[in-house]
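My numbering puts the first residue of the sequence shown at 7, with every later residue one more than the last.
Where a beta carbon is used, it is the ideal one built from N, C-alpha and C, also for glycine.
One structure is given here, and the rest of the page talks about it.
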Amino acid sequence: MTPARSFPAGLGLSALRGATLAEVDTAAALQHRTDRKYLVPLDQARSFVRLLADRHHVLDFAGRRTTSYLSTYFDTDRLGAWHAHVQGRRRRWKVRTRLYAEDGLCRVEVKTKDGRGATVKHALQIPAAAYGALDRQAADFVNEVLERSGIPVTAEELAPAAEIRYVRAALADLDHGTRVTLDGALTCHQGDRTAALDTGHLLVETKGGVQLAYADRLLLRLGARPVSLSKYVVGRSLLTPGLPDNDVRRLARTHFTTEATALALFERTSAA
Numbered sequence: 007m008t009p010a011r012s013f014p015a016g017l018g019l020s021a022l023r024g025a026t027l028a029e030v031d032t033a034a035a036l037q038h039r040t041d042r043k044y045l046v047p048l049d050q051a052r053s054f055v056r057l058l059a060d061r062h063h064v065l066d067f068a069g070r071r072t073t074s075y076l077s078t079y080f081d082t083d084r085l086g087a088w089h090a091h092v093q094g095r096r097r098r099w100k101v102r103t104r105l106y107a108e109d110g111l112c113r114v115e116v117k118t119k120d121g122r123g124a125t126v127k128h129a130l131q132i133p134a135a136a137y138g139a140l141d142r143q144a145a146d147f148v149n150e151v152l153e154r155s156g157i158p159v160t161a162e163e164l165a166p167a168a169e170i171r172y173v174r175a176a177l178a179d180l181d182h183g184t185r186v187t188l189d190g191a192l193t194c195h196q197g198d199r200t201a202a203l204d205t206g207h208l209l210v211e212t213k214g215g216v217q218l219a220y221a222d223r224l225l226l227r228l229g230a231r232p233v234s235l236s237k238y239v240v241g242r243s244l245l246t247p248g249l250p251d252n253d254v255r256r257l258a259r260t261h262f263t264t265e266a267t268a269l270a271l272f273e274r275t276s277a278a
């Protein structure tokens, strides 16, 4: 997989101006947003970063410009969240705990869709030791958000369904309030099975308004096209025998492999 130590140098992130988390959150918190995703070859990603440099800052943690993410997704025993996504239901939802590994920070997050199809993310900081489970505090938060969003699911019905790991660089256009993330070393885990994004691609996400942002226009000019891709949905599609075949599964087969051997996270992402 793409080592974190080569991630910044390989993409040219050092050429971008740095920004603190407070600066990015002030300008582009984007809890209510439109997300677009692209699977981008590495050489195209390098050109993309170079073209962004005059308008975007990179999130910088005292010289570190990537973060290792671990996300445990929760679902019902009948995979209600998975089915809601692949069937394109208006009331789609996801529940996860997310650990920012180097910083020891953890959040429980609930993502829903509003009536216009925009993503709304709700988050609550929890202790790092609570990662991978829904304790009472997290369950109360999940129940409140799902009930308010009109989703007939409770935290008591949910159990860990898959873990997604990756290394992320986050960029922000501080003047226009939009973000771009670039994810590499992406792997999906369920039990002792692992699927991995091929090493020649990154998953790029733009996060902004309904109108195409500057980053989207650049990606289109470089030949990239938006794809419908959820890390959790792809992981379950590849790692769970018998799930219905669909466009997501076919896309996953093109860019993912289930033959990769899972390495310990910090063997792959040390020195980020």
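Any beta-carbon of chain C closer than 8 Å to the one on residue i?
| i | result |
| --- | --- |
| Y106 | Among the chains of the structure shown, chain C does not appear; only one protein chain is present. |
Measure from the alpha carbon of residue i to the alpha carbon of each residue in the options, then state which is nearest.
| i | options | result |
| --- | --- | --- |
| T200 | L192, H207, T73 | L192 |
| A21 | L45, R71, R42, A33 | R71 |
| G190 | D109, R171, C112, V116 | R171 |
| P6 | K43, S77, G16 | Outside the shown range of the chain, which is 7 to 278, sits residue 6, and nothing can be said about it. |
| S155 | A202, V101, R142 | V101 |
| T125 | A168, R84, G110, T212 | T212 |
| G229 | S53, Y75, L17, L203 | S53 |
| A68 | E108, P133, D60 | E108 |
| D60 | L19, E153, K127, F262 | L19 |
| R142 | L164, L249, P158 | L164 |
| P158 | T118, C112, F262 | T118 |
| H182 | A33, L17, Y238 | A33 |
| R84 | A258, P250, R259, R256 | P250 |
| R95 | Y75, V46, D120 | D120 |
| R75 | R256, T40, K237 | Looking at the sequence provided, one finds Tyr at residue 75 rather than Arg. Minimum Cα distance to Y75 is reached at K237. |
| R259 | A202, R231, G248, V210 | A202 |
Mind reading off the beta-carbon distance from residue i to residue j? Whole number of angstroms is fine, and I expect it under 8 Å.
| i | j | result |
| --- | --- | --- |
| L180 | E29 | 7 Å |
| R174 | T73 | 6 Å |
| L57 | G206 | With a Cβ gap of about 20 Å, L57 and G206 do not count as contacting. |
| L130 | A161 | That pair is no contact at about 12 Å. |
| A87 | R97 | About 11 Å; that fails the 8 Å criterion. |
| L235 | T264 | Not quite, the Cβ-Cβ distance comes to about 16 Å (not below 8 Å), so this is no contact. |
| V148 | V92 | Contact doesn't hold; Cβ gap of about 22 Å is too wide. |
| A168 | H195 | 7 Å |
| C112 | Y137 | 5 Å |
| H63 | G24 | 6 Å |
| D204 | F262 | 7 Å |
| V233 | L208 | Their Cβ separation, rounded to whole angstroms, is 13 Å, which puts V233 and L208 out of contact at 8 Å. |
| I288 | A144 | Residue 288 is absent from the structure shown; the chain starts at 7 and stops at 278. |
| V210 | Y106 | Wrong, their Cβ atoms sit about 20 Å apart, outside the cutoff. |
Got a sec, what are the start and stop residues for the beta strand (DSSP E) residue i sits in?
| i | result |
| --- | --- |
| V159 | Note, V159: premise wrong, no beta strand (DSSP E); not H, not E. |
| Q217 | Neither: Q217 is in no beta strand (DSSP E) and is coded neither H nor E. |
| L76 | 73-81 |
| A191 | 184-196 |
| R95 | Element bounds for R95: n/a, residue is neither H nor E. |
Considering only DSSP beta bridges, list what residue i is partnered with.
| i | result |
| --- | --- |
| E115 | R102, A129 |
| G24 | V64 |
| A168 | Y79 |
| R199 | Q196 |
| A178 | H63, R185 |
| D41 | K213 |
| V173 | S74, G190 |
| F262 | L203 |
| Y208 | One point to set straight first is that residue 208 is Leu, not Tyr, in the sequence displayed. DSSP, once it has assigned bridges, lists V46 as partnering L208. |
What residue does the alpha helix (DSSP H) around residue i start on, and which one ends it?
| i | result |
| --- | --- |
| H91 | 86-92 |
| V233 | No alpha helix (DSSP H) holds V233; DSSP gives it neither H nor E. |
| A124 | No alpha helix (DSSP H) contains A124, which DSSP labels as neither H nor E. |
| R52 | 48-58 |
When we look at the beta-carbon of residue i and count the other beta-carbons within 10 Å, is it buried (16 or more) or exposed?
| i | result |
| --- | --- |
| D81 | buried |
| A277 | Model confidence at A277 stands at a pLDDT of 33, short of 50, so the residue's coordinates are unreliable and nothing is read from them. |
| D222 | buried |
| A135 | exposed |
| G241 | buried |
| L224 | buried |
| T26 | exposed |
| V116 | buried |
| L65 | buried |
| G214 | buried |
| A15 | exposed |
| R42 | buried |
| L226 | exposed |
| V216 | exposed |
| T103 | buried |
Just to confirm, does residue i get its C-beta within under 7 Å of one of the non-hydrogen atoms of the ligand FMN?
| i | result |
| --- | --- |
| E163 | This structure does not include the ligand FMN; it has no bound ligands of any sort. |
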